[in-house]
Ligand code: CO8
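Numbering (my numbering), first residue to last: 1 to 399.
1) What is the DSSP secondary structure of residue 2, counted as helix, strand or coil?
2) Can you find a heavy atom of the ligand CO8 that lies under 7 Å from the Cβ of residue 291?
3) Considering residue 361, what are the terminal residues of the alpha helix (DSSP H) in which it resides?
4) In whole angstroms, what separates the C-alpha of residue 81 from that of residue 286?
5) Whose C-alpha, out of 91, 43 and 242, is nearest the C-alpha of residue 76?
6) I need the DSSP call for residue 382, collapsed to helix, strand or coil.
7) Can you say whether residue 278 is buried or exposed, counting buried as having 16 or more other CB atoms within 10 angstroms of its CB?
8) Roughly how many angstroms lie between the CA atoms of residue 27 and residue 189, to the nearest whole one?
9) According to DSSP, simplified to helix, strand and coil, what is residue 102?
10) Whose C-alpha, out of 142, 373, 83 and 389, is nearest the C-alpha of residue 298?
11) Tell me, please, whether the region 250-261 touches the region 31-43 by the rule of three or more beta-carbon pairs shorter than 8 Å.
12) Is residue 325 near the ligand SAH, going by C-beta to nearest heavy atom under 7 Å?
13) Ordered along the chain, which non-local residues of its own chain (more than five positions away) have a Cβ less than 6 Å from that of residue 179?
14) Starting from the C-beta of residue 214, find all residues in its chain whose C-beta is less than 7 Å away, skip the five residues before and the five after it, and write them out in chain order.
15) At a threshold of 7 Å, does residue 220 count as lining the ligand CO8 (C-beta to nearest heavy atom)?
16) Using only the heavy atoms of the ligand CO8, determine whether one of them is closer than 7 Å to the beta carbon of residue 154.
17) Taking all protein chains shown into account, decide if residue 223 is buried (16 or more other Cβ within 10 angstroms of its Cβ) or exposed.
18) Sort out for me which residues DSSP pairs residue 251 with in a bridge.
19) Determine the burial state of residue 354: buried for a count of at least 16 other Cβ atoms within 10 Å of its Cβ, exposed for fewer.
20) With 16 as the cutoff for other CB atoms within 10 Å, does residue 246 come out buried or exposed?
21) Please identify the residue among 177, 97 and 118 whose C-alpha is closest to the C-alpha of residue 49.
22) Mind checking whether the beta-carbon of residue 284 lies closer than 7 Å to any heavy atom of the ligand CO8?
23) Mapping the DSSP letters down to three states, classify residue 83 as helix, strand or coil.
24) Does the Cβ of residue 160 lie closer than 7 Å to at least one heavy atom of the ligand CO8?
25) Taking residue 307 as the reference, give the member of 359, 156 and 251 with the closest Cα.
26) Do residue 35 and residue 122 have their C-beta atoms within less than 8 Å of each other?
27) Using 7 Å as the cut-off, classify the Cβ of residue 288 as near or not near the heavy atoms of the ligand CO8, replying yes or no.
28) Would you say the region 193-212 touches the region 141-150, given that touching needs at least three Cβ pairs under 8 Å?
29) Assuming contact is defined by CB atoms lying nearer than 8 Å, are residue 73 and residue 115 in contact in what I supplied?
30) My output table needs one value for residue 110: the three-state DSSP class, helix, strand or coil.
31) Can you tell me which of 276, 305 and 85 puts its alpha carbon nearest to the alpha carbon of residue 352?
32) Which first and last residues belong to the alpha helix (DSSP H) in which residue 312 is found?
33) Strictly under 8 Å for the Cβ-Cβ distance: is residue 349 near chain D by that measure?
34) Rounded to whole angstroms, what's the CA-CA distance from residue 171 to residue 160? Just pull it up for me.
35) Under DSSP, the beta strand (DSSP E) around residue 173 begins and ends at which residues?
36) Check residue 149 in the structure and name its three-state DSSP category.
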């Protein structure tokens with residue numbers, strides 16, 4: 001039997017070897033599935049106000065008696081001024097804009113058919129694979145990990161990621177994860193670590209966000225906030241990557257801190273609690289002002305401390321692809337980081353077109369606004385949201 005000192009030395013050598021075996025990792029392709037229908041603020045407000053009028057008329061007696069509050073009108077001017085949002089893409093517009101329904105309508109699909117989130121995921125993933133220069137006819141040859149990372153899954157099991165893996169014909173393993181608005185960045189860290197350590201060769205991180213299904217379209221405070229979309233990214237070893245838009249991952253940083261300020265109580269216990277799926281707490285709700293005040297400093301500090309730990313400063317970053325919840329939030333974070341209001345070139349905005357798309361927002365910004373940068377340019381992808389949760393990646397363009 002070897003003495004304990006020897007065992008320690010062997011352990012240390014093995015660990016060192018593992019360290020030296022680590023691979024450099026790149027983001028080599030991105031894809032974006034955009035929901036087929038658009039709702040402008042004006043259209044949304046017309047529908048909301050028709051709903052409010054109807055509600056107020058139907059409940060006129062209770063409102064006059066003071067036992068029920070009347071619903072005030074919404075306004076397109078307020079929405080754009082308070083959030084920066086001008087329109088949003090949704091899977092189903094008619095259901096949302098029907099004052100008698102106020103939620104999308106999705107036709108149920110049989111178990112044998114590809115489910116809605118998987119359909120979005122497959123489309124975005126194929127785009128990302130093509131952008132990465134991968135053969136979309138033989139995906140198993142390249143991809144051996146699929147993560148479906150989103151703020152809502154359409155069912156608990158089987159995992160959406162496994163359905164997407166099957167539909168793509170990818171190899172390896174797949175799993176779902178949910179960290180609300182930070183699902184994509186948290187998923188990216190899992191994929192990056194798996195590729196870095198060799199437990200996967202290449203991974204897809206897919207975020208099908210159907211935010212319209214968990215939004216209370218009858219709530220004036222938030223009815224304008226969300227849109228539907230799906231993003232996908234290919235993560236692979238730097239030495240296998242072929243695409244012309246490759247980004248080396250220099251570091252990832254995740255953080256969470258519990259808060260009730262963004263919450264949704266819908267879950268598998270709801271039925272046993274005799275809850276109505278339309279109850280207000282079974283849908284997205286938030287204390288928007290508190291979120292704004294608490295999350296902005298957290299996100300700015302998170303990014304600057306990560307950059308410092310890697311030997312960089314915000315001034316050396318060419319572009320910030322920030323979470324897309326609210327324009328003023330991003331302006332404040334940009335100002336804290338840079339000392340001046342970030343220009344659209346420094347921190348691109350996509351929420352005007354897409355609204356808040358939960359975890360997909362910062363990835364859409366990266367997808368739309370990364371190709372123009374030069375080799376050597378530094379960038380930061382950062383999400384923040386419910387949990388609270390913050391996830392960031394520092395990346396460097398290498399081709
Ligand atoms: N039209 C006209 N007036 C309005 C409206 C409206 N639609 N809504 C509110 N008002 C009025 C209010 O009544 C209030 O009037 P008064 O001053 O007389 O009381 C006034 O406007 C101001 O209201 P607020 O204080 O609510 O407005 P804010 O300026 O704070 O803006 C925002 C509201 C835009 C919501 C803002 O607070 C915000 O964006 N905050 C940050 C929110 C955020 O980032 N949240 C992140 C959540 S996303 C996330 O983490 C993912 C979760 C998972 C998603 C799942 C999918 C659904």
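Glycine included, each C-beta is placed from N, C-alpha and C at the ideal position.
Reading it off the structure:
1) Mapped onto the chain shown, residue 2 falls at position 2. Low per-residue confidence applies at residue 2: pLDDT is 48, beneath 50, and the placement is therefore not dependable enough to give any value.
2) On the chain shown, position 291 is the one that residue 291 refers to. Yes; taking the cut-off as 7 Å, the Cβ of residue 291 has a heavy atom of the ligand CO8 nearer than that.
3) Here residue 361 refers to the residue found at position 361 when the chain shown is read from its first residue. Residue 361 -> alpha helix (DSSP H) spans 361-368.
4) In the chain shown, counting from the first residue as 1, residue 81 sits at position 81. In the chain shown, counting from the first residue as 1, residue 286 sits at position 286. Straight-line Cα distance between these residues: approximately 19 Å.
5) By one-based count along the chain shown, residue 76 stands at place 76. Ranking 91, 43 and 242 by Cα distance to residue 76 puts 43 first.
6) Here residue 382 refers to the residue found at position 382 when the chain shown is read from its first residue. Reduced to three states, the DSSP call for residue 382 is strand.
7) Along the chain shown, read from residue 1 onward, the residue named residue 278 stands at position 278. It is exposed - the Cβ of residue 278 has fewer than 16 other Cβ atoms within 10 Å.
8) For this step, residue 27 is matched to residue 27 along the chain shown. For this step, residue 189 is matched to residue 189 along the chain shown. Using only the alpha carbons, I get a separation of about 11 Å.
9) For the purposes of this step, residue 102 is taken as residue 102 along the chain shown, with counting starting at 1. Looking at residue 102 - three-state DSSP - the assignment turns out to be coil, as it is neither helix nor strand.
10) The sequence position of residue 298 within the chain shown is 298, counting from 1. Measuring from the Cα of residue 298, the nearest candidate turns out to be 389.
11) no
12) What this structure holds is the ligand CO8, not the ligand SAH.
13) Residue 179 sits at position 179 when you count from the first residue of the chain shown. Excluding sequence neighbours, residue 179 sits near 186 and 389.
14) For the purposes of this step, residue 214 is identified with residue 214 of the chain shown, where counting begins at 1. Taken in chain order, the residues that qualify are 152, 264, 283 and 284.
15) Numbered from its first residue, the chain shown carries residue 220 at position 220. Residue 220: yes, Cβ under 7 Å from the ligand CO8.
16) By 1-based counting over the chain shown, the position of residue 154 is 154. No.
17) In the chain shown, residue 223 corresponds to position 223, counting from 1. Buried: at least 16 other Cβ atoms inside 10 Å.
18) For this step, residue 251 is matched to residue 251 along the chain shown. Residue 251 pairs with 394.
19) As a working note, residue 354 is residue 354 in the chain shown. Label assigned to residue 354: buried.
20) For the purposes of this step, residue 246 is taken as the residue at position 246 of the chain shown. It is buried - the Cβ of residue 246 has at least 16 other Cβ atoms within 10 Å.
21) For this step, residue 49 is matched to residue 49 along the chain shown. The shortest C-alpha separation from residue 49 is found at 97.
22) Here residue 284 refers to the residue found at position 284 when the chain shown is read from its first residue. The closest heavy atom of the ligand CO8 lies less than 7 Å from the beta carbon of residue 284.
23) Here the question's residue 83 lines up with position 83 in the chain shown. Residue state, collapsed to three classes: helix.
24) Position 160 of the chain shown, counted from the start, is the residue given in the question as residue 160. Not so, every heavy atom of the ligand CO8 lies at least 7 Å from the Cβ.
25) As a first step, residue 307 is located in the chain shown; it is residue number 307 there, counting from the start. Nearest option by C-alpha distance: 251.
26) Along the chain shown, read from residue 1 onward, the residue named residue 35 stands at position 35. Along the chain shown, read from residue 1 onward, the residue named residue 122 stands at position 122. No, these two residues do not count as a Cβ contact at 8 Å.
27) As a position in the chain shown, residue 288 is number 288, starting the count at 1. For residue 288, the distance from the CB to the nearest heavy atom of the ligand CO8 is below 7 Å.
28) yes
29) Here residue 73 corresponds to residue number 73 of the chain shown, with the count starting at 1. Here residue 115 corresponds to residue number 115 of the chain shown, with the count starting at 1. For residue 73 and residue 115, no; Cβs fall outside 8 Å.
30) Against the chain shown, residue 110 aligns to sequence position 110. Of the three classes helix, strand and coil, the one that applies to residue 110 here is coil, per DSSP.
31) Residue mapping note: residue 352 aligns to position 352 of the chain shown, counting from 1. For residue 352, the nearest C-alpha among the options comes from 85.
32) In the chain shown, residue 312 corresponds to position 312, counting from 1. Taken as a continuous stretch (DSSP letters only), residue 312 belongs to no alpha helix (DSSP H), as it is neither H nor E.
33) The structure shown has no chain D; it contains just one protein chain.
34) Here residue 171 refers to the residue found at position 171 when the chain shown is read from its first residue. Here residue 160 refers to the residue found at position 160 when the chain shown is read from its first residue. If I take the Cα positions, the gap works out to 15 Å.
35) Along the chain shown, read from residue 1 onward, the residue named residue 173 stands at position 173. From DSSP, the beta strand (DSSP E) with residue 173 extends over 173-177.
36) Counting from 1 along the chain shown, the entry for residue 149 is found at position 149. Looking at residue 149 - three-state DSSP - the assignment turns out to be strand.
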